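Residue numbers (the working numbering): 100 to 1182.
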């Protein structure tokens, strides 16, 4: 064992008759710097066993060089002084050479014969052990061992002497204990077994390849995410992620062989990332951690064993943090919401205090940069969630322990995606500046409440962690105030965004009124419709602009045409703010700037008109900086080249081909039809080979954009001419007429031949691949020329990239102005849309004030009217004058006679008026409504074990608790889910509460005619009685028709059997029902 380097032997100890490593060599410095001393424990020579070293599956009785630890330092040392003691060497890495020679002799000594020493029990005392040792005849091995120092030897002691403290009784000392110090030559240590502390063996992970270990570490760090790792031209999934999600993504799962065993893996080309993100994030609601490649510098390459790249997670994609993914809905916002709830340690608080506890709300859309905050209460949370429809909700991790909190009941009902985040301390608004496009003024910052600041801080911290500290420029937070409340039940019952039955967009109010031509305008309209304004000033300013556009048809048409030329500026600018985007995005931005300029120009023609709405719009448009940007973009980017590349994708050429094909199909022959290309549209790359094909490469910038670019393009043109000449020359020299010069990612620059030319002898070229009909060769001339062409292309691409970064930086410089211009375009788009709608449907401008009036003359349901007109039928309008003389309408009448439609249409007219739109009525005067409530329709909730009547009572309770004197309430057939007697009692209780406590405008439809008598008894004079009816022809067949016209009075005939007959109830059942109706049921 003399070949062992002394500096490495200190890493081993004798344990269970085998040498065991203390720590790996890379931890030597850490161990040496610690306070703990390294020790080597040797068992007594009489108890030594042959040393067995284990390596893998083989076992040897002698020491093997291959059994040494990996990377063991075996370099020779400088000569050691044999006379110098171990303990006099101050170096912790030095051991006496004599000591190692003695150990070597021990290892080579054969096993001594068994003696009675082996039969001693483990509990034998040290005195008994010494007596038996004296009786035994020591062997050569034992004698040799006695000369070795026994016990624990300190290797890293800084003292130059070994001091042994012994308690001895000396006669000369009078029996007192004397502390005796011996030198190394006189050192005597205790013999026998010495206690040894358990070894702390480090459990290192399996020795996977470095790339897989990088992916594994990311999986452990982001354990709640699906980790996709970039490896060259692919994104790959490993281990359990590949097994679980590979089949769901339609990927083949393979197993990579490693030293640690097979590893499951699946992958897809990197340019198909959006396709698989859609499945994972949007369809499966999973969080995806994207691990990208980052080039290693020289020192990092050495540390990583020569790897070119390090792989780190650059972004975590969640449903609420999408930026520019292709699967996003362009017509809807993608909000992520943070809710701040005060932590209350008291558990015996009453329900009222819990439901009205203040909460902070903050939400933003990363794709547009819009950022909002609001202070609310727990009781208003369902209404808020229905209004903004967040894709993801973020809560503090500490709230997770409050499982009985009312908030979780609200969030569970709508199956929202909830993320719990560990949050630091609340950051004030002044520390949000680095994430905003402009700082928040001190006056505006003071208006934010403590709850809003806490929620905003929580939200920004979460977004930062998802983006892995990527730079972002959000718009300053806006407090959303003066907004009408619409709860989730009302949103669903009124079918504002989607229909009730099929949950479709078609047939909803939004579908009926949307005439916008821009994506930003469509998103803004959806927000307005879900959050109507309660400010008379804001509503009238919107209506003024609609009126202006309605009266000037030429201006409206011209503005609509210019808006169609604009693009989604909000999301384009956000792309640039995140360091994304391409040449097409810059061209779209330039086109939008020019459209804004032209739109401002046609509005400026009307500058002398007194309309203040136009002057306000012009004052918000800024063109000086943006026009310089647009000019730089058009002067630099090759618009014609990109237009030619994308013309087919935009459908222009496809339409022409379809027209030509139609003409040929009707007038031509089959042969002429076959001359058309089967797939004229440009194909997207299906493989990496297609993606990297140089033939598909298109230059973004104009060749003369800069002098450098002009010189490089001139050189590339010259090289292209040389390529043509070389191809012709090689064809002549080699006699291969089919020879072409190509480039492939796998083979590089090759000469490709086919047909009979594959049999030619070409000593100048080297064949690298061949098939039955083709052959690929490397020719030195083409290889050299191809490398020059590649180098020139790389320089062109680098110069284009520099120019693109400069343009993108210029766009970010004008970020604030461009966003303000985009907001103006969105408002103009909505104004033109409302004007077009009013012109087509004959709607009228409403009058808004702060009174409690609700005067509607000739009101119509906007959605039902559209559906009837498609069938060739007309809608029967009705008046509604609730709020002045009669604060509550009690509406009775037969089924299917229009009671529910009347209730809904008045609520929808109120919403449209406060959005800023014209309304479907001949006259409309409305007092501002702060909240609309509805209890319409019936449904149970089996998941929460709630019957139809229970759901009805829960919704009614929410209305009675939260409605104010400025609210508008519609309630339809309350109490129908129980017995008539109980139903009458519950219905009257709700009506009585609305009348005396809430004192709000309400429309109350019912079939309980007994309510009329109860209302008269209670002297509820402000309740008006209205009804619908049917008209019968008096024939024996009972033919009738619905009148759908509301009139004053009470109709105690529900005509239920007529409806049953229309529904196809059997004749026998109808007769039984008529017989029962003719008798007194109480008998």
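Quick reminder that beta carbons are idealized off the backbone N, C-alpha and C, glycines included.
This structure is a prediction, so every number in the text was calculated from the model and none was measured.
Would you tell me roughly how many angstroms separate the C-alpha atoms of residue i and residue j, rounded to the nearest one?
| i | j | result |
| --- | --- | --- |
| residue 524 | residue 533 | 17 Å |
| residue 687 | residue 665 | 7 Å |
| residue 393 | residue 409 | 5 Å |
| residue 858 | residue 407 | 41 Å |
| residue 343 | residue 873 | 42 Å |
| residue 129 | residue 402 | Unreliable positioning characterises residue 129 in this predicted model, as indicated by a pLDDT of 41, which lies under 50. The coordinate reading is nonetheless provided below. Their Cα atoms are separated by approximately 18 Å. |
| residue 785 | residue 671 | Unreliable placement is indicated for residue 785, whose pLDDT of 49 sits below 50; no coordinate value is reported for it. |
| residue 1034 | residue 632 | 23 Å |
| residue 821 | residue 903 | 30 Å |
| residue 732 | residue 817 | 28 Å |
| residue 445 | residue 503 | Only weak support exists for where residue 445 lies, its pLDDT of 44 falling under 50; the coordinates are left without a value. |
| residue 572 | residue 923 | 20 Å |
| residue 997 | residue 593 | 15 Å |
| residue 947 | residue 1173 | 50 Å |
Got a sec, what are the start and stop residues for the beta strand (DSSP E) residue i sits in?
| i | result |
| --- | --- |
| residue 880 | Counting along the chain, residue 880 falls outside any beta strand (DSSP E), though it belongs to the alpha helix (DSSP H) covering 879-912. |
| residue 955 | 953-958 |
| residue 474 | 469-476 |
| residue 628 | Not the beta strand (DSSP E): residue 628 falls in the alpha helix (DSSP H), residues 618-629. |
| residue 695 | Not the beta strand (DSSP E): residue 695 falls in the alpha helix (DSSP H), residues 682-703. |
Would you please state the rounded distance, in angstroms, between the beta carbons of residue i and residue j? I believe it to be under 8 Å.
| i | j | result |
| --- | --- | --- |
| residue 487 | residue 561 | Their Cβ separation, rounded to whole angstroms, is 17 Å, which puts residue 487 and residue 561 out of contact at 8 Å. |
| residue 712 | residue 643 | 4 Å |
| residue 868 | residue 846 | 7 Å |
| residue 811 | residue 898 | 6 Å |
| residue 676 | residue 468 | 7 Å |
| residue 1154 | residue 977 | With a Cβ gap of about 19 Å, residue 1154 and residue 977 do not count as contacting. |
| residue 1022 | residue 1125 | Actually they are not in contact, since the Cβ atoms of residue 1022 and residue 1125 sit about 19 Å apart, beyond 8 Å. |
Keeping to the same chain, check which residues put their C-beta closer than 6 Å to that of residue i; ignore five residues upstream and five downstream.
| i | result |
| --- | --- |
| residue 710 | 647 |
| residue 630 | 486 and 582 |
| residue 1183 | Since the displayed the chain opens at 100 and closes at 1182, residue 1183 lies outside it and no answer follows. |
| residue 472 | 461, 551, 555, 576 and 578 |
For residue i, name the three-state secondary structure that DSSP assigns.
| i | result |
| --- | --- |
| residue 1237 | No information on residue 1237 is available, as it lies outside the stretch 100 to 1182 that the chain covers here. |
| residue 394 | strand |
| residue 977 | strand |
| residue 1130 | strand |
| residue 335 | strand |
| residue 462 | strand |
| residue 576 | coil |
| residue 1176 | helix |
| residue 1164 | coil |
| residue 561 | helix |
| residue 368 | strand |
| residue 1156 | helix |
| residue 962 | helix |
| residue 828 | helix |
| residue 839 | strand |
| residue 1102 | strand |
| residue 414 | strand |
| residue 719 | helix |
| residue 163 | Its pLDDT being 39, under 50, residue 163 is placed unreliably in this model, and the coordinates cannot settle the point. |
Leaving aside the five residues before and after residue i along the sequence, list all residues of the same chain whose C-beta is less than 8 Å from its C-beta, in chain order.
| i | result |
| --- | --- |
| residue 1171 | none |
| residue 1066 | 1028, 1029, 1030, 1031, 1032, 1097, 1099 and 1100 |
| residue 366 | 330, 333, 334, 335, 336 and 350 |
| residue 376 | 387, 416, 424 and 426 |
| residue 422 | 465, 466, 673, 674, 677 and 679 |
Along the chain, where does the alpha helix (DSSP H) that runs through residue i open and close?
| i | result |
| --- | --- |
| residue 310 | 309-320 |
| residue 648 | 635-650 |
| residue 1082 | 1079-1092 |
Is it the case that the CB of residue i approaches a heavy atom of the ligand MN more closely than 8 Å?
| i | result |
| --- | --- |
| residue 933 | In the structure on display, the ligand MN does not appear, and there are no ligands present to speak of. |
Using a Cβ-Cβ cut-off of 7 Å (strictly less than) and excluding sequence neighbours within five positions of residue i, which residues of its own chain qualify?
| i | result |
| --- | --- |
| residue 949 | 635, 1026 and 1027 |
| residue 738 | 686 |
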